[in-house]
Amino acid sequence: VVQMDIAISIIAIAFLAVLTGTMMLAGFGNLRREAVAARSTAIGDKIFEAEIGRIMDRRRFETESEELSWNGFRKFEISRKEPEGGGICSFYFSPHDGKPLPPFSPGQYLTFQLHIPGQKKQVIRCYSLSDSPNHPDYYRCSIKAVPPPRDTDHPPGLSSNFFHDSVNQGDIIDIKAPGGHFYLDTTKQTPVVLIGGGIGLTPVLSMLNDIVETGSKRETWFFYGVRNSKEAVMAEHLKRIDQENENVRMCICYSKPDDGDKEGDDYAYAERVS
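With this note's numbering, the residue at position 264 of the sequence shown is 303, and numbering never jumps.
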């Protein structure tokens with residue numbers, strides 16, 4: 040009987056130990072679940088706050104754009120004219136009336152009304168904005184002087200060569216407000232891939248500059264393809280962005296590198312963008 044009592048006591052103690060352990064594990068599990076839930080709630084709150092912030096920023100942007108925009112053409116002064124290499128020149132346009140400029144979305148363009156000698160009527164052309172919208176005192180377009188097509192009698196590009204040959208600092212030009220539906224959604228922080236070749240660099244350069252200048256840490260892959268360094272535009276600017284921003288992956292492609300072009304310095308890949 041004594042041995043049976045001892046055995047029952049041992050079983051009871053073991054049962055209590057298992058029960059206590061189970062309850063402790065359950066308690067720890069509950070605590071862990073509560074901690075995870077708390078962290079999830081905190082993360083959710085931060086995401087919600089960030090989303091609200093982006094929506095409010097977009098609303099402020101739209102309100103400011105609407106208030107400062109204009110109808111028809113407005114007169115701008117050429118405040119700077121800067122050769123960029125590769126047959127490309129950057130033109131800086133400041134409002135002639137001195138009034139504030141509306142912001143634009145990176146990737147949009149300007150529409151110009153050009154009075155070109157020898158033309159029966161004004162020439163209308165559109166060129167992409169090549170800088171970020173974070174410069175309230177000017178707009179910038181980078182324009183390539185288009186040569187005549189090979190083995191043809193066709194003339195060179197009418198408006199682009201007019202800009203290069205006849206438009207100078209201090210001149211006045213007529214411009215419509217920024218427009219276009221191809222632009223970077225700055226309310227998001229998702230990864231982005233930007234691809235440009237030759238003068239097609241301009242809209243994606245506007246996007247890249249905006250990402251860098253606003254301090255955005257979104258993962259950015261920037262692909263730019265030209266033949267060699269003679270056609271590369273703003274090479275030092277792109278190198279500086281690559282060196283100073285860990286979130287930007289710079290992929291410069293030269294399809295026909297010159298003898299003096301250095302792989303790993305001037306370009307990353309000896310091929311077209313692929």
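Every residue, glycine too, gets a C-beta built ideally from N, C-alpha and C.
{"Item": "DSSP state of residue 238 mapped onto helix, strand, coil", "Value": "helix"}
{"Item": "For residue 261, the three-state DSSP class (helix, strand or coil)", "Value": "strand"}
{"Item": "Host beta strand (DSSP E) of residue 121 (start-end)", "Value": "113–124"}
{"Item": "4 or more residues per run - each alpha helix (DSSP H) lying fully within the region 168–248", "Value": "197–205"}
{"Item": "At least three beta-carbon pairs within less than 8 Å, the region 138–157 to the region 228–236", "Value": "no"}
{"Item": "Exposure of residue 271, with buried meaning 16 or more beta-carbon neighbours within 10 Å", "Value": "buried"}
{"Item": "Option nearest residue 203 by Cα separation, candidates 215, 191, 185, 193", "Value": "185"}
{"Item": "CB-CB length for residue 217 against residue 168, believed under 8 Å", "Value": "7 Å"}
{"Item": "Beta-carbon proximity of residue 224 to residue 173, cut-off 8 Å", "Value": "no"}
{"Item": "Identity of the residue in 120, 176, 124, 102 nearest residue 137 by Cα", "Value": "176"}
{"Item": "Selected residue, minimal CA-CA separation from residue 187, among 274, 180, 299, 197", "Value": "197"}
{"Item": "Distance CB(residue 201)-CB(residue 234) smaller than 8 Å", "Value": "no"}
{"Item": "For residue 293, the nearest candidate out of 281, 284, 269 (CA to CA)", "Value": "269"}
{"Item": "Opening and closing residue of the alpha helix (DSSP H) in which residue 282 lies", "Value": "274–283"}
{"Item": "Buried or exposed by the 16-neighbour rule on C-beta atoms within 10 Å, applied to residue 78", "Value": "exposed"}
{"Item": "Supposed close pair residue 5, residue 246 - CB separation, criterion 8 Å", "Value": "Because the chain in this structure spans residues 40 to 313, residue 5 falls outside the shown range and cannot be described."}
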